[in-house]
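So that you can map any letter, position 465 of the sequence shown is 470 in the numbering used here, and since no number is skipped, the others follow by simple counting. These notes are about the structure you will find just below.
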Amino acid sequence: MGGAERQEQRRPVSLRAVLIGLLLIPPSAYWLAVVEMVRGYHYSTTLSLFFNVVFVLLVIVLLNAPLRRWAPRLALSPGELATVYILVSLGSTTAGVDWAGLTAVMTYPMYHASPENQWGELFVQDLPSHLMVKDPTAVRGFWTGHDTLYLPENYLPWIRPLLWWLVFVVLMGVLFLCITSLLRRRWLEIERLSYPIVQLPMVLSASPERLTRSRGFWAALGLVLFIDLINGLQVFWPVVPDIAVRSTASETFLIGSQIIDPPWNAVGFLSLAFYPFVIGIGMLIPAHLSFSCWFFYLLFKAQSVICRHFGILQNDFPHARQQSLGAYLGLGAYSLWLGRRYLAGVFRQAVGRGDMDTEREAMSYRAILILGALSFAGIVVFAWHAGMALWMAITWFAMYGLLSLSMTRIRAEMGIPSHEMHYIGPGQIMPQLFGTRLCGRQSMISTYAFYWFNYGQRCHPAPHLAEGHRLAERTHVSARSLSLPMVLAMVLGWVCCTWATLHLFYQTGAGQGWTGHQAVWIPAHPAHELASNLLEPKAPRGTVIAAVLTGAAVAMIALAGYTKLGWWPIHPIGYAVSSAWAMEHMWFALFVAWAIKSIVTRYGGTPAQRSATSVAMGLILGDFLMGSIWSLYGLWKKVNPYSIFP
6 MGGAERQEQR RPVSLRAVLI GLLLIPPSAY WLAVVEMVRG YHYSTTLSLF
56 FNVVFVLLVI VLLNAPLRRW APRLALSPGE LATVYILVSL GSTTAGVDWA
106 GLTAVMTYPM YHASPENQWG ELFVQDLPSH LMVKDPTAVR GFWTGHDTLY
156 LPENYLPWIR PLLWWLVFVV LMGVLFLCIT SLLRRRWLEI ERLSYPIVQL
206 PMVLSASPER LTRSRGFWAA LGLVLFIDLI NGLQVFWPVV PDIAVRSTAS
256 ETFLIGSQII DPPWNAVGFL SLAFYPFVIG IGMLIPAHLS FSCWFFYLLF
306 KAQSVICRHF GILQNDFPHA RQQSLGAYLG LGAYSLWLGR RYLAGVFRQA
356 VGRGDMDTER EAMSYRAILI LGALSFAGIV VFAWHAGMAL WMAITWFAMY
406 GLLSLSMTRI RAEMGIPSHE MHYIGPGQIM PQLFGTRLCG RQSMISTYAF
456 YWFNYGQRCH PAPHLAEGHR LAERTHVSAR SLSLPMVLAM VLGWVCCTWA
506 TLHLFYQTGA GQGWTGHQAV WIPAHPAHEL ASNLLEPKAP RGTVIAAVLT
556 GAAVAMIALA GYTKLGWWPI HPIGYAVSSA WAMEHMWFAL FVAWAIKSIV
606 TRYGGTPAQR SATSVAMGLI LGDFLMGSIW SLYGLWKKVN PYSIFP
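Pasting the structure below:
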């Protein structure tokens, strides 16, 4: 690599790009709050690639095109476009549906406590007062609506707990930045991971003309725009025919509902779908990964059928989600084991005994380790102050950190349209692994307060930080100059989302409004589970422990086979992600993508593969463009429009 290129790669981040990115976060956060939390008709942040952010980037690229031609000095450079995308994406992670439930969590038990459920005596009085809102007037206005946030009796009770949570969010943002910065060099420069999810934003930022020259891109884009336009019109005018692509669009797609004879009816929900953006992403990721996703999905269905046959399909057995949790933990542990020599070199560099070149890193390794240790310690102290036992706080957040690492590695290496872990976060799994007596009453009560940011893990910030480092490297932006704006973007997204949910729910009511189901679903499950654990103390569940250990062992064995054996046909990432809700809807579209990519790779040659990549990007962009237009139309007209997923 020449000196000129190295110098170009270290170009500082543009101030105007940072300002544009930060200024776009508030309207984006409000958009997400309305469509995901209040009305519940579009869920951009349940996907790995947020369609609202791609839409924002596309609009800026289109506005930038005339400037590039007629006023090049005013036009945004590829690095500036990438910076805007990175910041809006990170702002959307903390404003997304799996982080937006904080205000509901802070008030749900107080509003729904009753003499019948005995929550007041069981745990409400022991919830950390500095993190919750217990004022009856403020709580009632939030849940019933027809009120306004901007009355002292409504907003004053929120100030103190939200300031505490702001400290927590800053600590989390710094910790995520340290984790991804620690592994940036290994993943980008040593292993050269492909980061499939950011291929489309990278092309839009750096070389959009590559797409405009492809006939396949225009054909795919036009086809998907037409399909989504027709389906969107059909929502308002039923006389317009529907072009079935979604899993619930046609009765014939719902295979599971047509299977009524035991033991086959144990498959539950089983549906076909042809989501264009899923097919597009599936064509961009490695073929063996898309194969692994649908293969393991059907394998989990087969487990249920076999268990029903033998009469043991009860108490959530065979614990598919817990198996997936074990797979995530196993993948994270194996990733650390593979990088042990690199991490040892990082430590030597941090103490002044190494010879690594750290000029291109987001921070010096010493700063990464110190800030990472301090932020983790601060988070543990925060949880301990909230009532969690010290050992449990350390274990809880160590497990969460390992899951964060695993998700980030999955996205960096293979990419996946969506990843999630509903109801198997540390707060839910630890009582099952250790028993409620060992966890302790107050520790379990305090874990309820931390449920809001690990509800589903779909819009986790860490993968987006790692992908931001990838985009910065490809567009010659200094990772070091981007570190502070990244943290600011995460914090700003959370602040804007918190304000938006409060503003909107005091108007509509968190349990009322259009649907209100997200505001209810997110806090309801842990509250009911907590009450159950307190009323009936439970011993460690042997079958759950076995499922987690089995998942970890299978994942590590499969990953070792994939790493060592060139003929190994499956990747354990599929085992980790295929028990989730999203895969219920995506599996067949990934099967279609796998079939297309396998045929093109085997028989098409390099030109056909390049054309297929352009087609894939057209499928994604068409779905995201028209999906965003319908979403904004619904926002404007206050109606529920067509949704591209699910």
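Built from N, CA and C at the ideal position, the CB exists for glycine as well.
message: With a threshold of 6 Å on Cβ separation, who are the neighbours of Ser648 within its own chain once the five nearest residues in sequence on each side are excluded?
response: Taken in chain order, the residues that qualify are Tyr46, His47.
- prompt: So who's on the other strand from Ser276, going by DSSP bridges?
  reply: Leu259
message: Determine whether the beta carbon atoms of Phe128 and Leu535 lie at a separation below 7 Å.
response: yes
- prompt: Hey, how far is the Cα of Gly609 from the Cα of Leu476?
  reply: 29 Å
Cβ distance (whole Å) where Tyr160 is taken to contact Leu154 below 8 Å: Their Cβ separation, rounded to whole angstroms, is 6 Å, which keeps Tyr160 and Leu154 in contact under 8 Å.
query: Do you know offhand how far Ile164's Cα is from Leu37's?
result: 23 Å
- prompt: What does Val482 pair with, by DSSP beta-bridge criteria?
  reply: Looking at the DSSP assignment, Val482 forms a beta bridge with Arg16.
- prompt: For Phe241, which residues of its own chain have a beta-carbon under 6 Å away from its beta-carbon, when the five flanking residues on both sides are left out?
  reply: Once the five neighbours on either side are set aside, Phe241 has no close Cβ partner at all.
query: Taking one C-beta from the segment 88-100 and one from the segment 459-475 each time, how about it: are there three or more such pairs within less than 8 Å?
result: yes
field: Any 3 or more C-beta pairs closer than 8 Å across the segment 323-341 and the segment 551-570
entry: yes
query: Under three-state DSSP, which class holds Gly7?
result: Caution is warranted here: a pLDDT of 41 is assigned to Gly7, below 50, making its placement in the model unreliable, and the coordinate value is therefore given only provisionally. When DSSP states are grouped into helix, strand and coil, Gly7 belongs to the coil group.
- request: Go ahead and label Pro32 buried or exposed: buried means 16 or more other beta carbons lie within 10 angstroms of its beta carbon, across all protein chains shown.
  value: exposed
- prompt: Under 7 Å, do Ala557 and Leu334 count as touching if we go by C-beta distance?
  reply: yes
field: Val64 classed as buried or exposed, judged by whether at least 16 other C-beta atoms fall within 10 angstroms
entry: exposed
message: Using 8 Å for Cβ pairs, my map puts Thr503 next to Thr108. What's the rounded Cβ distance?
response: 6 Å
- request: Report yes if the CB atom of Pro436 is closer than 7 Å to the CB atom of Asn320, and no otherwise.
  value: no
query: Distance, Cα to Cα, Ser483 vs Arg189?
result: 13 Å
- prompt: Taking DSSP as the reference, what is the three-state secondary structure of His151?
  reply: coil
field: Ile625 versus Leu234: straight-line alpha-carbon distance, rounded
entry: Roughly 15 Å between the two C-alpha positions.
message: Which same chain residues end up closer than 7 Å to Tyr460 when comparing Cβ atoms and leaving out the 5 residues on each side of it in sequence?
response: Asp103, Gly106, Ile527
task: Tell me where the alpha helix (DSSP H) around Ile202 begins and ends.
output: Unbroken run through Ile202: none, as it is neither H nor E.
query: Between Pro574 and Ala563, is the Cβ-Cβ spacing less than 7 Å?
result: no
task: Report all residues from its chain with a CB closer than 7 Å to the CB of Glu10; omit the five preceding and five following residues, and keep chain order.
output: Here the model assigns Glu10 a pLDDT of 41, short of 50, so the residue's position is not dependable, and the following value carries that caveat. If we look at Glu10 and ignore the five residues flanking it on each side, it has no Cβ neighbours.
query: According to DSSP, is Asp321 helix, strand or coil?
result: coil
Minimum length 4: unbroken alpha helix (DSSP H) runs contained in the segment 570-601: 578-582
- request: Classify Cys312 as helix, strand or coil using the three-state DSSP reduction.
  value: helix
- request: Let me know if Pro141 comes out buried or exposed under the rule of 16 or more other beta-carbons within 10 Å of its beta-carbon.
  value: exposed
- prompt: What separation, rounded to the nearest whole angstrom, lies between the Cα atoms of Leu187 and Met368?
  reply: 9 Å
field: Contacting residues, own chain, Cβ-Cβ under 7 Å from Glu13 (five flanking each side not counted)
entry: Annotation note: pLDDT 49 at Glu13 (below 50); position unreliable, no value reported.
- request: Take the Cβ of Phe387 as the centre, count every other Cβ of all protein chains shown within 10 Å, and call the residue buried at 16 or more, exposed below.
  value: buried
- request: Please name the residue in Val208, Pro213, Phe650, Pro323 whose C-alpha comes closest to that of Ala70.
  value: Pro213
Short Cβ contact (7 Å threshold) for Ala22 with Cys501: Taking the C-beta atoms as reference points, Cys501 is found no nearer than 7 Å to Ala22.
- prompt: CA-CA distance, Ser616 and Ser94?
  reply: Ser616 and Ser94 have their alpha carbons spaced roughly 28 Å apart.
message: Quick check: what's the CA-CA separation for Glu3 versus Val61?
response: Limits of the chain in this structure are 6 at one end and 651 at the other, which puts residue 3 out of reach.
task: Please name the residue in Met591, Arg607, Pro422 whose C-alpha comes closest to that of Ser252.
output: It is Met591 whose Cα lies nearest to the Cα of Ser252.
field: Coarse secondary structure for Met368, derived from DSSP in three states
entry: If DSSP states are grouped into helix, strand and coil, Met368 belongs with coil.
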